[in-house]
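Working notes for the structure below.
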Amino acid sequence: MRSLPFFEMGYSTYNETDERGNIDMVSTDIGIDLGTASILVYIKGKGVVLKEPSVVAFDRDTNKIKAIGEEARLMLGRTPGNIVAVRPLRQGVISDYTVTEKMIKYFIQKALGKKTFRKPRISVCVPSGVTEVEKKAVEDATYQAGAREVAIIEEPIAAAIGAGIDIARPCGNMIVDIGGGTADIAVISLGGSVVSTSIKIAGDDFDEAIVRYMRKKHNLLIGERTAEDIKIKIGTCFPLAQPETMDVRGRNLVTGLPKTVTVSSEETEEALREPTLQIVEAVHSVLEKTPPELAADVADRGIVLTGGGSLLRGLEELIEDKTGINTMTAEEPMTCVAIGTGKFVEFLAGKRDDD
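In the numbering used here, the protein residues as written are 11 to 365.
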């Protein structure tokens with residue numbers, strides 16, 4: 011299995027014809043952003059039709075799936091002993107093959123509805139640093155979920171297209187795609203990655219850093235969902251002009267009883283300092299390896315942030331402060347990769363029509 015180059019990947023919605031030229035059947039082609047935290051499905055002509063958490067709840071006794079997506083996310087940390095809510099994707103790669111296959115199948119069917127379609131052709135995004143074995147696992151799981159053909163695309167390229175960047179031009183564009191499990195940093199020119207790196211530090215690590223901080227500083231044990239709420243509401247990695255606070259409930263590690271503490275945005279900055287600086291260091295290392303002509307382009311055009319993790323407040327300012335390069339967040343950072351996969355499919359459809 012190989013990763014397809016820029017000009018070979020993806021397909022469009024089209025009409026199959028028989029030998030006489032009569033329309034035989036309609037096929038739908040799909041772009042999937044297979045993220046650690048969320049799965050997004052793009053269908054040509056409709057845009058992003060589905061966005062749900064990549065969480066599955068199943069019964070350990072019967073091995074049957076109880077819920078998938080948002081319904082399963084609500085069960086995280088709140089299930090009885092026999093029901094387990096898990097994320098089958100960890101740090102951008104498959105950690106539970108069987109559950110991932112069922113999850114992809116469920117989302118494909120939900121996105122397409124009850125209509126009778128021929129098996130779709132599916133393009134799937136993966137982090138730029140995954141191995142051939144990990145790509146093969148994604149490809150096989152997608153085939154098992156009902157795909158007729160599968161194309162694997164690197165996330166930074168899809169993110170750049172989704173952010174509205176013309177990646178086919180001979181000039182350097184730097185993309186920092188921060189998801190749930192991985193942060194992908196790449197300098198793209200002429201439709202391909204010139205220099206890229208993928209680090210396993212992203213949104214989930216921000217949550218874990220907040221959990222650790224609350225345990226250490228306040229002797230308070232909180233869950234993943236509470237940590238995510240703190241990150242979204244008052245989380246920052248750069249000093250705010252007006253500090254904010256929120257009340258956080260958890261379990262006191264000393265007494266074992268429920269307790270409420272007030273947390274400030276300054277505390278979240280302290281908690282998130284380590285993971286955010288690791289992302290900045292990765293950006294710095296990619297810039298160091300970038301050819302001088304492309305580095306000049308990046309300095310001129312700036313750095314573009316995409317992915318759900320880029321919504322953390324202060325990240326633009328932090329990267330700009332450490333690199334001296336203008337940094338901006340894409341308009342729809344959460345859906346950039348899925349939209350990019352879909353637009354890529356449309357680009358190829360037009361290319362085939364021209365041919």
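Cβ atoms here follow ideal geometry from the backbone N, Cα and C, with glycine treated the same way.
Computed from a predicted structure; not experimentally measured.
For alanine 121 versus leucine 44, is the C-beta distance shorter than 8 angstroms?
-> Taking 8 angstroms as the Cβ cut-off, alanine 121 and leucine 44 do not qualify as a contacting pair.
Can you check whether the CB of aspartate 307 is closer than 8 angstroms to the CB of cysteine 181?
-> Their beta carbons are under 8 angstroms apart, which means cysteine 181 touches aspartate 307 by this criterion.
Roughly how many angstroms lie between the CA atoms of aspartate 106 and proline 98, to the nearest whole one?
-> Taking the straight line from one Cα to the other gives about 5 angstroms.
Isoleucine 132 (DSSP reduced to helix, strand or coil) = Under the three-state reduction of DSSP output, isoleucine 132 falls in the strand class.
Supposed contact pair aspartate 194 and glutamate 218 - C-beta distance, whole angstroms, cut 8 angstroms | Not a contact, Cβ separation roughly 19 angstroms.
Compare the Cα-Cα distances from leucine 230 to each of Val296, Phe117, Val258 and Val136 and report the closest residue.
-> For leucine 230, the nearest C-alpha among the options comes from Val258.
Nonlocal neighbours in the same chain, by C-beta distance under 6 angstroms from glycine 260, ignoring five residues either side | Counting only Cβ-Cβ distances below 6 angstroms, and skipping sequence neighbours, we find Leu230, Leu231 and Ile232.
Nearest-angstrom Cα distance between threonine 236 and phenylalanine 216?
-> Between the alpha carbons of threonine 236 and phenylalanine 216 lies a gap of roughly 12 angstroms.
Following the continuous alpha helix (DSSP H) through aspartate 307, name the residue where it begins and the one where it ends.
-> It spans 302-311 - the alpha helix (DSSP H) in which aspartate 307 sits, taken as one unbroken run.
Segments assigned alpha helix (DSSP H), at least 4 residues, entirely inside the stretch 148-234 | Counting whole runs of 4 or more residues, the stretch 148-234 contains the alpha helix (DSSP H) stretches 165-172 and 213-228.
Work out the CA separation of alanine 155 and lysine 112 for me, nearest whole Å.
-> When the Cα atoms are used, lysine 112 and alanine 155 turn out to be separated by approximately 7 angstroms.
Whether glutamate 279 touches tyrosine 223 by CB criterion (8 angstroms) = Taking 8 angstroms as the Cβ cut-off, glutamate 279 and tyrosine 223 do not qualify as a contacting pair.
Decide if lysine 54 is buried, meaning its Cβ has at least 16 other Cβ atoms within 10 Å, or exposed.
-> With 16 or more other Cβ atoms within 10 Å, it is buried.
Over what stretch of residues does the alpha helix (DSSP H) that includes methionine 113 continue unbroken?
-> Residue range 107-122 is occupied by the alpha helix (DSSP H) that includes methionine 113.
Three-way DSSP call (helix, strand, coil) for glycine 102 in this model = Glycine 102 sits in coil when the DSSP states are folded into three classes, being neither helix nor strand.
Contacts around threonine 337, its chain only, beta-carbon distance under 7 angstroms, and the 5 residues preceding and following it disregarded = Contacts found: Gly312, Ile313, Leu315, Glu326, Ile329 and Glu330.
Entirely within the stretch 46-85 and at least 4 residues each: give me those alpha helix (DSSP H) ranges in chain order.
-> Fully contained in the stretch 46-85 are the following alpha helix (DSSP H) runs of length 4 or more, in chain order: 80-83.
Taking just the CA atoms, how far does serine 64 sit from valine 103?
-> Roughly 12 angstroms separates the two Cα atoms.
For glutamate 149, which option in Thr110, Leu304 and Tyr52 has the closest C-alpha, if you only look at C-alpha atoms?
-> When the alpha-carbon of glutamate 149 is set against those of Thr110, Leu304 and Tyr52, the nearest one is in Thr110.
Alanine 67 burial status per 10 Å Cβ neighbour count (16 or more: buried) = Result: buried.
Are alanine 47 and glycine 213 closer than 8 angstroms when you measure CB to CB?
-> Against a cut-off of 8 angstroms, the Cβ pair of glycine 213 and alanine 47 comes out as a contact.
Alpha carbon of cysteine 135 to alpha carbon of alanine 161, nearest angstrom = One C-alpha to the other measures close to 9 angstroms.
What's the gap between the Cα of alanine 168 and the Cα of threonine 265?
-> Linking alanine 168 to threonine 265 through their CA atoms gives a straight-line distance of about 49 angstroms.
If you draw a straight line from the C-alpha of serine 203 to the C-alpha of glycine 174, how long is it?
-> Between serine 203 and glycine 174, the alpha-carbon positions lie close to 16 angstroms from each other.
Span separating the alpha-carbon of valine 347 from that of isoleucine 163 | A direct Cα-to-Cα measurement between valine 347 and isoleucine 163 gives close to 10 angstroms.
DSSP-derived helix/strand/coil call for glutamate 18 = Low confidence applies here, because glutamate 18 scores a pLDDT of 35, under 50, leaving its location unreliable; read the following figure in that light. Note: glutamate 18 maps to coil in three-state DSSP.
Of the listed residues Leu263, Glu277 and Lys227, nearest to isoleucine 244 (C-alpha basis) | Looking at the Cα atoms, Glu277 is the closest of the given residues.
Three-state class that DSSP yields for isoleucine 335 in the structure shown | In the structure shown, isoleucine 335 sits in coil (DSSP, three-state: anything other than H, G, I, E or B).
Nearest-angstrom Cα distance between aspartate 239 and arginine 283?
-> One C-alpha to the other measures close to 18 angstroms.
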